[in-house]
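Input: a single structure, listed below in structure tokens.
Residue numbers (my numbering): 6 to 233.
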């Protein structure tokens, strides 16, 4: 049985027998490495981080626990202090996961992507290469953020809303390549932010934004295209 055991690889490290640790990996104190975890060459795992945590759900949750899957931390990736990376998540090389961040089951973080302090990246989310997400953001299951995007702090994508007429939009939020989203923006379920679009700070986006367009306000409305 592949149980967690004490390891002398780092102070107070708890580690399963099948964990794979590449060359030049740095591991802080009180780290937990669950079965199936793979740490790429040169990765840095800060104090108290948990990698490969099994799926969990409360009795009232509609989500069902998933089977334990391998969890891959890419080469030279940094996992911050007390961050949690759940079973089946994967990062490319040179990614960054900030302190206290939560990366849920099956999420994918691209090469050189960055997820800031205390962010939540939901299950099966995809974060593209070179995308930078600042602190305190939250993205529900299935959100797609393509490459080269810039996301300010406190941005939240919603999985559902409560509508007076009883109809609730659904579907994941999609942010296309090179889009920029200012701080404290709320993205309603199912909206798509087009490639190269800009969303002003504190906006509430209730409908999809065309590529290259700038929107702001509540509800967010068009201003000018980025090139005009």
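Even for Gly, the Cβ is constructed at its ideal location relative to N, Cα and C.
Predicted, not measured: the structure shown is a model, and the values here were computed from it.
With DSSP collapsed to three states, give me the class of residue 218. strand
Assigned secondary structure, residue 46 (DSSP; H/G/I helix, E/B strand, else coil): coil
Buried versus exposed call for residue 43 [16 or more other C-beta atoms within 10 Å across all chains shown]: buried
Starting from residue 76 and walking both ways along the beta strand (DSSP E), at which residues does that stretch end? 76-78
First and last residue of the uninterrupted beta strand (DSSP E) at residue 154: It is not in any beta strand (DSSP E) - residue 154 carries neither H nor E in the DSSP assignment.
Classify residue 62: buried if its beta carbon has 16 or more other beta carbons within 10 angstroms, exposed otherwise. exposed
Please look up how many angstroms separate the CB atoms of residue 76 and residue 41, rounded, as I've assumed it's under 8 angstroms. 6 angstroms
From which residue to which residue does the beta strand (DSSP E) around residue 147 run? Taken as a continuous stretch (DSSP letters only), residue 147 belongs to no beta strand (DSSP E), as it is neither H nor E.
Quick check on residue 38: does DSSP put it in helix, strand or coil? strand
Determine the closest residue to residue 83 out of 73, 58, 121, with distance taken between C-alpha atoms. 121
What number of angstroms, rounded off, separates the C-alpha of residue 196 from the C-alpha of residue 150? 12 angstroms
Under the three-state DSSP convention, the category residue 107 falls into: strand
Is the beta carbon of residue 60 less than 8 angstroms from the beta carbon of residue 110? yes
In its own chain, which residues sit with a C-beta less than 8 angstroms from the C-beta of residue 216, not counting the 5 before and 5 after it? 181, 199, 200, 201, 202
Counted within 10 angstroms of its Cβ, other Cβ atoms place residue 145 as buried (16 or more) or exposed: buried
Reference residue 96, options 72, 129, 177, closest by Cα: 129
Range of the contiguous beta strand (DSSP E) that encloses residue 212: Premise fails: residue 212 is in no beta strand (DSSP E) and is neither H nor E.
Cα separation between residue 148 and residue 93? 16 angstroms
Cβ-based burial, residue 31 [other Cβ within 10 Å; buried from 16]: exposed
Inter-residue Cα distance where the pair is residue 189 and residue 119: 18 angstroms
Helix, strand or coil for residue 160, going by three-state DSSP, please let me know. coil
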